[in-house]
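Below you'll find the structure, written out as structure tokens, and then a few comments.
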Amino acid sequence: MRQRIKNIVIEEFSNLTKLIEADFRFNFKRKVNNYLLSQMDEKITASMVFVSSFESKSGFAIETCAKRITRLKFGDENVPTIVNPRNLPHNIDESAIKGQIVVTDVDSANGNLRGEIAAFRANNVAYGKGKKRVESGVTMENIRKTLLPLSQKYKTDRIFSKPVDLAFYDGKMWNIMELKAGGDLDSSNAPSNVEKLLNIYVDMGIENCNAYFATLYNKDGEGNVWKGAVKKHLNYPSMFLIGADFWERILPCGFTFEDFIEIYREALEEIDLNRRINRMISDCIGE
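In the working numbering, the protein residues as written are -3 to 283.
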């Protein structure tokens, strides 16, 4: 199982590295034309180009790893490409889908539905500080009570689909997630991300469904309390899976977050990432 996890990381990050290599020179030339960086050494600029490209592209790679690892634990049938817990009829071509989608008969674009979800979020924000803080009222219990009935209220005769970052059935519950790298969203983006998750929850239209905001790592350091604007809009910690909590929810039994970090490092060593980075940089600056 350890080797299977490593193979997933090797495959996804090998593909990622090839993508970065393919457009690295083009991206470097664009940075060279930025006069704001003109006083910087070319090697520093090239390093910045790699970091920027890696950060922007690695999110999808690690999300794909997470999805494939979740399938190792729960089985392909419980982490489907087309999430359709109510067995709605559709003619969607699974081979044309990247990631996962939720099939629904709820009119997700309906302005009144979006308004009700936005109002629910806004009326349940956290407030106060320290011992006087009151956490968000957007809890699992509250969304079942208040939002789940909307799936019937806005039910239509049409079939819609909506992408979801990660969805899986654990044998008892469906779990849907809005998945971010570190989750460092600003105060203007946090509400829309929460409403997107709650909209997908309504689309699912089933009682046995949990919704989470999840991150691939704790931006404040594992073991520390995670801080983020989303905490104002979702109950913390009940509706969050941060870093280690996320990985240990999806990793096969017996594997810890620390195990995964070690496997990840071994995988990047095997694809010789550092040498390939240095070669990209050297080729661009003529060393």
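Even glycine gets a Cβ: it sits at the ideal position worked out from N, Cα and C.
Nothing here was measured: the structure is a model prediction, and the numbers come from that model.
Shortest Cα-Cα distance from residue 217 to any of 196, 209, 239, 231 involves 239.
Looking at 282, 272, 229, the one whose alpha-carbon comes closest to that of residue 130 is 229. Rounded to whole angstroms, the separation of the alpha carbons of residue 110 and residue 67 is 32 Å. In this model, residue 23 and residue 60 are separated by some 24 Å (Cα to Cα).
Note that the C-beta distance between residue 2 and residue 259 is below 8 Å. Residue 176 carries a strand assignment under DSSP once its states are collapsed to helix, strand and coil.
Pairwise C-beta distances place the region 137 to 149 out of contact with the region 68 to 76, as fewer than three of them are shorter than 8 Å.
Per DSSP, reduced to three states, the secondary structure at residue 96 is strand.
The beta carbon of residue 15 sits closer than 8 Å to those of 53, all from its chain and outside the five residues before and after it, given in chain order. 19 is the residue among 7, 19, 0 whose C-alpha sits nearest the C-alpha of residue 273. Using a Cβ-Cβ distance cut-off of 8 Å, the region 210 to 227 and the region 179 to 194 are in contact, since at least three pairs of beta carbons, one from each stretch, lie closer than that value. In the DSSP assignment, residue 24 falls within the alpha helix (DSSP H) that extends over -2 to 28. Here residue 199 is buried. Its C-beta has 16 or more other C-beta atoms within 10 Å. Looking at the DSSP output, residue 243 bridges to nothing. When DSSP states are grouped into helix, strand and coil, residue 268 belongs to the coil group.
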